[in-house]
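Colleague:
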Amino acid sequence: MDLLQDPSLFRLLLVLSVGAAFAVYTRLHLVGGGSVTGGYLAILVVTGEWSTILGTALVTGLTLLVMRAVILRVLGLPRSWQFTIAVLVGAALTGILAVVVPPYISLGEPLGIAMTFGAFVVPGLVAYDVSHQGFPQTMLALACVTGITLAVCVPAFLLLQGLPPGSTDDAPFVQRIPPDLMPYAVVAVIVIGGALRFTLGLRSGGFIGALFIVEFFSVEAFLAVGAAALTTQLLMWFIERRVVMTGRQRGMIALMLGALVAWAGLYWAAALGWLPAQEANLYVLSPLLATGLMAADMGRKGSDVIKTFVGTGLAALGLAILLWVTDTYGIVVGILALLIAALGSIPGILALREPWRQAERSGKARLVELGRDTGASTPPA
Numbered sequence: 001m002d003l004l005q006d007p008s009l010f011r012l013l014l015v016l017s018v019g020a021a022f023a024v025y026t027r028l029h030l031v032g033g034g035s036v037t038g039g040y041l042a043i044l045v046v047t048g049e050w051s052t053i054l055g056t057a058l059v060t061g062l063t064l065l066v067m068r069a070v071i072l073r074v075l076g077l078p079r080s081w082q083f084t085i086a087v088l089v090g091a092a093l094t095g096i097l098a099v100v101v102p103p104y105i106s107l108g109e110p111l112g113i114a115m116t117f118g119a120f121v122v123p124g125l126v127a128y129d130v131s132h133q134g135f136p137q138t139m140l141a142l143a144c145v146t147g148i149t150l151a152v153c154v155p156a157f158l159l160l161q162g163l164p165p166g167s168t169d170d171a172p173f174v175q176r177i178p179p180d181l182m183p184y185a186v187v188a189v190i191v192i193g194g195a196l197r198f199t200l201g202l203r204s205g206g207f208i209g210a211l212f213i214v215e216f217f218s219v220e221a222f223l224a225v226g227a228a229a230l231t232t233q234l235l236m237w238f239i240e241r242r243v244v245m246t247g248r249q250r251g252m253i254a255l256m257l258g259a260l261v262a263w264a265g266l267y268w269a270a271a272l273g274w275l276p277a278q279e280a281n282l283y284v285l286s287p288l289l290a291t292g293l294m295a296a297d298m299g300r301k302g303s304d305v306i307k308t309f310v311g312t313g314l315a316a317l318g319l320a321i322l323l324w325v326t327d328t329y330g331i332v333v334g335i336l337a338l339l340i341a342a343l344g345s346i347p348g349i350l351a352l353r354e355p356w357r358q359a360e361r362s363g364k365a366r367l368v369e370l371g372r373d374t375g376a377s378t379p380p381a
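Take 1 as the starting number for the sequence shown in the working numbering and just add one per residue.
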C-alpha cells in the first residue's frame, strides 16, 4: 500500500509528534523547535525527502547566524519579537532557496501545502530555540521527538490502514493559492500575523490558520475550523480546572487535542456525505494544524476566543487582498503592497522605545553599583 495515498499516517504522525514533544518537555525540560517540528521531520523521513531535510538544516544554520550576529547582538528585542523575526528570516531564506532550487519544495498536492508551510517556518523555530537553549539540548530534544514519533507511528499505522478518514470521490482537489505564489503567501501571512500581534494584540492561529482559510476560500471552512477550535477550548477549560500546567504545556495539549477534534470531525462529517468536509478532508494536515493552533492561541496570555477569531479573520482577509493584488498586478506590486502591510508593525515598534529606555537606565544603574562594590573609580565596561 502506498503510504502517500492515505492521510491517516500523516495525521497520526502530527498528533503523536505533539504528544512526544509534550513528553520530552515535561520530562527533560527541553524543546526542539516548536511542537510540530518533530512531526514535520518524521514526515520527511517517511516520504524520503532527504534533500528537503538538508535544505532545512542549511537554512536553519543561516537563520541562526542572523539571529546571533544581528537580532541578539545588535537589537535589544523582547523574545516575542525575536521569535517572529527568526521565523520571518527563515521563511525569506527558504523562499530564496525555493526559487534557486525549484524542486526543493513540493508546492502542490494536498500534503505539500502544510509541508511547504513547515519548510518555511521550521528553520526559524529551530534557530530560535538553539539561540536560547543551546545546540546540543535542542538537537537532543528534536531527535527524541522525531525518533519517538517514528517508532510509535509506523507500527500503529498498520492498524489504521482500513480506517480512511472518509470518501472524497465527489470533491476533487483544487489548489486555490497558485503554487508559484505560495512562498509569497507564507511570508505575507507571517508579516500580517506579526503586525496584528504587536500592534493590536491579536493572534491569528499560528499563521497557518489564516493560510488554510484563504487556500480553502470558504466561510464554511472558517466557521468549521473556528467551531472545532472552540470545542477544543471548552475541553481545555475542563482540563485546566483539574490539572496544573505551564503555558508551554497548555499550548502543546491544546494543539494535540485540537488536531484530534478536527480529525474526528472531518471523519464523521465526510462519512455522512457533507461536501465541505469532504473538500476539507483533502487537506491532509492543514485543518488539524489550524484548529490546534487557534485553540492554543485562545488560551495564551493576553488572548481569548474573540481576539483569536478576529485576528485569524483579519489575517485571512489581509492575505487574500495581498494575493489578489499580486496575482492581478504582478510580483513587484505585490512586494510593495507587502511592505505597506509591514508598516502596520510600526506602532508596535514605537511601543518598544520605553522598555528599551528602562532597560538602559537599569543597566547603567547596575554598572554604577558594580563600580562601587569593586572600588573602581569608573564603572567597568
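Where a beta carbon is used, it is the ideal one built from N, C-alpha and C, also for glycine.
1. Assign E369 to one of three DSSP states: helix, strand, or coil.
2. Roughly how many angstroms lie between the CA atoms of I208 and A151, to the nearest whole one?
3. If we ignore side chains and look at the alpha-carbon of each, how far apart do V15 and L370 end up?
4. Rounding to the nearest angstrom, what Cα-Cα distance links L275 and M67 in this structure?
5. Does the Cβ-Cβ distance between G13 and A42 come in under 8 Å?
6. Helix, strand or coil: which one does DSSP assign to D169?
7. Between which two residues does the alpha helix (DSSP H) harbouring G207 extend?
8. Run the CB neighbour count on Y128, radius 10 Å, all protein chains shown included, and call it buried at 16 or more, exposed below.
9. How do the segment 197-205 and the segment 308-315 stand: do at least 3 beta-carbon pairs fall below 8 Å, yes or no?
10. Alpha carbons only, please: which of G258, M298, R197 is nearest the one belonging to S345?
11. Taking the straight line between their C-alpha atoms, what separation do you get for S131 and V89?
12. Is it true that the segment 282-299 meets the segment 223-241, where meeting means three or more beta-carbon pairs spaced less than 8 Å apart?
13. Return helix, strand or coil for P178, following the three-state DSSP convention.
14. Hey, out of V100, V101, G95, whose CA is closest to G118's CA?
15. Buried or exposed for Q82, going by 16 or more other Cβ atoms inside 10 Å?
16. Going by other Cβ atoms of all chains shown within 10 Å of its Cβ, with 16 needed for buried, is L75 buried or exposed?
17. Check the C-beta distance from L142 over to G33 and give it rounded, since I have them as a contact under 8 Å.
18. With the cut-off set at 8 Å, would you say A188 and L322 are in Cβ contact?
19. Grouping DSSP H, G and I as helix and E and B as strand, with all else coil, what is H29?
20. Going by alpha carbons, who is nearest to S51 out of L65, P136, V101?
21. Is it true that the CB of W263 sits closer than 8 Å to the CB of L288?
22. Which same chain residues, not among the five before or five after K301, have their C-beta less than 8 Å away from its C-beta?
23. Measure from the alpha carbon of G201 to the alpha carbon of each residue in P355, E49, E354, F309, then state which is nearest.
24. Are the Cβ atoms of A254 and G299 separated by less than 8 Å?
25. In three-state DSSP terms, what is L9?
26. In three-state DSSP terms, what is K307?
27. According to DSSP, is A185 part of a helix, a strand, or is it coil?
28. Rounded to whole angstroms, what is the Cα-Cα separation between P347 and T199?
29. To the nearest whole angstrom, what separates the beta carbons of V126 and S17, a pair I think is in contact under 8 Å?
30. Which whole-angstrom value is the C-beta distance of A114 and V284, which I expect to be below 8 Å?
31. For E220, which option in V186, L260, A280 has the closest C-alpha, if you only look at C-alpha atoms?
Modeller: On the basis of the coordinates in this document:
1. Counted from its first residue, the sequence shown places residue 369 at position 369. Note: E369 maps to helix in three-state DSSP.
2. Along the sequence shown, one-based indexing puts residue 208 at 208. Along the sequence shown, one-based indexing puts residue 151 at 151. Their Cα atoms are separated by approximately 27 Å.
3. Indexing the sequence shown from 1 puts residue 15 at position 15. Indexing the sequence shown from 1 puts residue 370 at position 370. Looking at the two C-alpha atoms, the distance is approximately 50 Å.
4. Numbered from its first residue, the sequence shown carries residue 275 at position 275. Numbered from its first residue, the sequence shown carries residue 67 at position 67. L275 and M67: Cα-Cα distance of roughly 45 Å.
5. Numbered from 1 along the sequence shown, position 13 holds the residue referred to as residue 13. Numbered from 1 along the sequence shown, position 42 holds the residue referred to as residue 42. Inspection of the sequence shows that residue 13 is occupied by Leu rather than by Gly. By the CB criterion at 8 Å, L13 and A42 fall inside the cutoff.
6. The residue labelled residue 169 in the question sits at position 169 within the sequence shown. With a pLDDT of only 48 at D169, under the threshold of 50, the placement of this residue in the model should not be trusted; the figure read from the coordinates follows. It is coil, neither helix nor strand.
7. Indexing the sequence shown from 1 puts residue 207 at position 207. Reading the sequence as shown, one finds Phe at residue 207 and not Gly. Segment: none, F207 is in no alpha helix (DSSP H) and carries neither H nor E.
8. As a working note, residue 128 is residue 128 in the sequence shown. Looking at its Cβ environment, which holds 16 or more other Cβ atoms inside 10 Å, Y128 is buried.
9. yes
10. Looking up residue 345 in the sequence shown gives position 345. Ranking the options by Cα distance to S345, first place goes to R197.
11. Counted from its first residue, the sequence shown places residue 131 at position 131. Counted from its first residue, the sequence shown places residue 89 at position 89. Each residue's alpha carbon lies about 14 Å from the other.
12. yes
13. As a position in the sequence shown, residue 178 is number 178, starting the count at 1. Taken through DSSP and simplified to helix, strand or coil, P178 comes out as coil.
14. Here the question's residue 118 lines up with position 118 in the sequence shown. Ranking the options by Cα distance to G118, first place goes to G95.
15. On the sequence shown, residue 82 is found 82 positions in, with the first residue counted as 1. Label assigned to Q82: buried.
16. Looking up residue 75 in the sequence shown gives position 75. Taking all protein chains shown into account, L75 has fewer than 16 neighbouring C-beta atoms within 10 Å of its C-beta and is therefore exposed.
17. Residue numbering aside, residue 142 sits at position 142 when the sequence shown is read from its first letter. Residue numbering aside, residue 33 sits at position 33 when the sequence shown is read from its first letter. 6 Å between Cβ atoms; contact.
18. In the sequence shown, counting from the first residue as 1, residue 188 sits at position 188. In the sequence shown, counting from the first residue as 1, residue 322 sits at position 322. Yes; because the gap between Cβ atoms is below 8 Å, this pair is in contact.
19. Counting from 1 along the sequence shown, the entry for residue 29 is found at position 29. In this structure, H29 counts as coil in the three-state DSSP scheme.
20. In the sequence shown, counting from the first residue as 1, residue 51 sits at position 51. Nearest C-alpha to S51: V101.
21. The residue labelled residue 288 in the question sits at position 288 within the sequence shown. The residue labelled residue 263 in the question sits at position 263 within the sequence shown. The answer is yes: Cβ separation under 8 Å.
22. On the sequence shown, residue 301 is found 301 positions in, with the first residue counted as 1. Here the set comprises G247.
23. As a first step, residue 201 is located in the sequence shown; it is residue number 201 there, counting from the start. Among P355, E49, E354, F309, the Cα nearest to that of G201 belongs to F309.
24. Position 254 of the sequence shown, counted from the start, is the residue given in the question as residue 254. Position 299 of the sequence shown, counted from the start, is the residue given in the question as residue 299. Yes, the pair counts as a contact, with Cβ atoms nearer than the cut-off.
25. As a working note, residue 9 is residue 9 in the sequence shown. The answer is helix: DSSP assigns L9 an H, G or I state.
26. Here the question's residue 307 lines up with position 307 in the sequence shown. Correct three-state label for K307: helix.
27. For this step, residue 185 is matched to residue 185 along the sequence shown. Helix at A185.
28. Residue mapping note: residue 347 aligns to position 347 of the sequence shown, counting from 1. Residue mapping note: residue 199 aligns to position 199 of the sequence shown, counting from 1. About 6 Å.
29. What you label residue 126 is simply residue 126 of the sequence shown in a count that begins at 1. What you label residue 17 is simply residue 17 of the sequence shown in a count that begins at 1. Between S17 and V126 the Cβ distance is about 14 Å, and since that is not below 8 Å, they are no contact.
30. Translated into the one-based positions of the sequence shown, residue 114 becomes position 114. Translated into the one-based positions of the sequence shown, residue 284 becomes position 284. Contact holds; Cβ gap of about 7 Å.
31. By 1-based counting over the sequence shown, the position of residue 220 is 220. Cα-wise, what sits closest to E220 is A280.
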